[in-house]
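Mind the numbering: the sequence shown is residues 34 to 145 in this note's numbering, read in order. First the structure, in the form of structure tokens, and then the observations on it.
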Amino acid sequence: MDWKNFLDNARNGFNELRKVTPETFEGFSQMGKPVKKDGDLSEKTKEFVALGIAISTKCESCIGLHIEHLIRLGATRKEIVEVLSVCSYMGGGPSIMFSAKALEAFDQLVKK
Numbered sequence: 034m035d036w037k038n039f040l041d042n043a044r045n046g047f048n049e050l051r052k053v054t055p056e057t058f059e060g061f062s063q064m065g066k067p068v069k070k071d072g073d074l075s076e077k078t079k080e081f082v083a084l085g086i087a088i089s090t091k092c093e094s095c096i097g098l099h100i101e102h103l104i105r106l107g108a109t110r111k112e113i114v115e116v117l118s119v120c121s122y123m124g125g126g127p128s129i130m131f132s133a134k135a136l137e138a139f140d141q142l143v144k145k
């Protein structure tokens with residue numbers, strides 16, 4: 034999969050939906066602001082949790098977007114692989130397949 038192109042298309046769809054339901058998306062954005070801030074858990078740790086949830090729910094767009102965010106936060110391939118190992122252990126076969134997609138996304142997007 035070409036992750037950059039895939040995520041560009043996902044963002045276009047997201048932005049189109051935002052245009053027709055701005056109140057919903059404003060509420061979603063407001064909810065995310067305090068959740069993403071460093072607290073007892075760092076923002077990076079919270080993004081690792083979000084990646085795990087994206088894998089368990091099989092949301093390819095979410096996987097790519099959280100991988101991008103983790104790259105911006107300085108996540109290493111080794112850290113990503115460790116999180117993917119936990120996802121695979123907890124989620125079995127389906128999580129292994131979506132963990133492979135997440136690793137592919139990291140390998141492609143980290144080179145941008």
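We put the CB at the ideal spot given by N, CA and C, even for glycine.
Less than 6 Å between C-beta atoms, sequence neighbours within five positions excluded: which residues of the same chain meet that for S121? Taken in chain order, the residues that qualify are S128, I129, S132.
Would you decide whether I100 is buried or exposed? Buried here means 16 or more other CB atoms lie within 10 Å of its CB. Its Cβ being crowded by 16 or more others within 10 Å, I100 is buried.
Evaluate the contact criterion for the region 37–49 versus the region 69–77: three or more CB pairs, one atom per stretch, below 8 Å. Segments in contact, no.
Own chain, CB closer than 7 Å to A138, minus 5 neighbours either side, in chain order: Excluding residues within five positions, the ones whose Cβ falls inside 7 Å are W36, I96, G97, I100.
Any chance the region 102–120 sits against the region 45–56, with 3 or more Cβ pairs inside 8 Å? Flag = no, the region 102–120 and the region 45–56 do not touch.
Candidates K66, L136, L142, A135, of which the one nearest R105 by Cα: Checking every option, the nearest Cα to that of R105 belongs to L142.
Taking Cβ positions, are G124 and S89 nearer each other than 7 Å? By the CB criterion at 7 Å, G124 and S89 fall inside the cutoff.
Taking the C-alpha atoms as reference points, what is the distance between G72 and M34? Cα to Cα, G72 sits roughly 35 Å from M34.
Rounded to whole angstroms, what's the CA-CA distance from G60 to G46? Just pull it up for me. One C-alpha to the other measures close to 18 Å.
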